[in-house]
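To start, the structure under review is shown below, and the notes come after it.
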Amino acid sequence: MKVAIFDFDGTIVYSETLWIDTFDQFEIKFKLPRTPKEVRAHQMTQSVLNLAKLYYTTYESIRQQYKSAEELASYFNEKTEKKVYCKQPIEGVCGFIEKLQKNNIPIIIASSGRKEHIDKYLKQWNIKVNDIVTGVDVLHPKPSADIYFEAMKRSGKTINPNECFVFEDNPIPAINAHQAGFKVCMIKYNNNSIFQESFDFADIIITNYLGIKETLIEEE
C-alpha cells in the first residue's frame, strides 16, 4: 500500500446511525412518508445538502417551514454533528493511522460530508491526515469513483489505483472503487452493517482496526 484513502462516517467514526436517526425523526416530526431502511442506507452515500434538496423539492410543508434547502441542510448538520463529536473513533483506527504515518504512507479522507465538520472531528481526536476530499471537489461525487482518483492525485505520488487501499463501510461506492482498480478494505463495525449488499468483492473485511495485519502496510 502506497496511499490510504479513508471514508469518514462509518470508517473513522461509527456515525451513520446518528444521521439516519436525524432523518427518521425529521420525517416523524413533519408526518412525511417513512423512508424504507434499504433506501435510507443508499442515501447515506449522498451529501446532506442533496438529501435536504430532495425533501425541499418534494414536500410543500417543508418549503413552508424552511426558506431554502441550504437552511434545511444546516438544521440537519447542526443537529447531528454535535452528536458525532461525542463519539470515539472506531477501535484501533488512531493507532493504525499512526503506523501509516510512520511508514510515510499518505492518508487522504474521501467523504460526502462537510470538510469543516470532518476537520473539526479529526483535530478533536488528534488524527492527522494529509488532505480531505469531499463531494464538492469532484465533478461526480460518491457513489462515483472520482473522489478516490482525486484523493490519489492529492497524495502527491505517481501511482496506480491498485497501489492504493480504499477503506469504506458503504459497499455502493466501494464496489465502484474496486471496479476502478483500487484495493478495498470494508469496515463492518462490530460485525454490523446498515447495508444489505454483500462485501464479497472486498480484498479485506474487518470489524475494527485492531487485528489489521502489518503486512498490509508493508505491501508494495
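Sequence positions in the sequence shown follow UniProt numbering and run 1 to 220.
Glycine is no exception: its CB is placed at the ideal position from the N, C-alpha and C atoms.
CA-to-CA distance, residue j to residue i, given in whole angstroms
{"i": "R63", "j": "D9", "result": "28 Å"}
{"i": "M1", "j": "E78", "result": "36 Å"}
{"i": "I147", "j": "N104", "result": "22 Å"}
{"i": "V138", "j": "E116", "result": "17 Å"}
{"i": "Y75", "j": "W125", "result": "24 Å"}
{"i": "G113", "j": "H140", "result": "14 Å"}
{"i": "S155", "j": "I97", "result": "15 Å"}
{"i": "K31", "j": "I132", "result": "37 Å"}
{"i": "Y55", "j": "E163", "result": "40 Å"}
{"i": "S111", "j": "V48", "result": "11 Å"}
{"i": "A4", "j": "F26", "result": "35 Å"}
{"i": "Q88", "j": "V13", "result": "7 Å"}
{"i": "T134", "j": "E150", "result": "10 Å"}
{"i": "Q101", "j": "E70", "result": "37 Å"}
{"i": "K83", "j": "A73", "result": "16 Å"}
{"i": "E91", "j": "T17", "result": "17 Å"}
Beta-bridge pairing of residue i - partner residues as DSSP gives them
{"i": "E168", "result": "M186"}
{"i": "A4", "result": "I107, F165"}
{"i": "D203", "result": "Answer by DSSP bridge pairing: none, since D203 is not bridged."}
{"i": "P33", "result": "Per DSSP, none; premise fails for P33."}
{"i": "V13", "result": "D9, P89"}
Exposure of residue i, with buried meaning 16 or more beta-carbon neighbours within 10 Å
{"i": "T80", "result": "buried"}
{"i": "I108", "result": "buried"}
{"i": "D119", "result": "exposed"}
{"i": "S15", "result": "buried"}
{"i": "E38", "result": "exposed"}
{"i": "D7", "result": "buried"}
{"i": "D21", "result": "exposed"}
{"i": "G211", "result": "exposed"}
{"i": "D200", "result": "exposed"}
{"i": "V136", "result": "exposed"}
{"i": "C185", "result": "buried"}
{"i": "P33", "result": "exposed"}
{"i": "S193", "result": "buried"}
{"i": "T58", "result": "exposed"}
{"i": "T158", "result": "exposed"}
Below-8 Å beta-carbon distance, residue i vs any chain D residue
{"i": "K53", "result": "Absent here is chain D; the protein component of the structure consists of one chain."}
Secondary structure of residue i, DSSP reduced to three states
{"i": "N50", "result": "helix"}
{"i": "F76", "result": "helix"}
{"i": "T45", "result": "coil"}
{"i": "I194", "result": "coil"}
{"i": "N160", "result": "coil"}
{"i": "L216", "result": "helix"}
{"i": "N176", "result": "helix"}
{"i": "K82", "result": "helix"}
{"i": "Y55", "result": "helix"}
Item to check | Complete runs of the alpha helix (DSSP H) confined to the stretch 96 to 158 [at least 4 residues] | outcome: Complete alpha helix (DSSP H) runs here, min 4: 115 to 124, 146 to 154.
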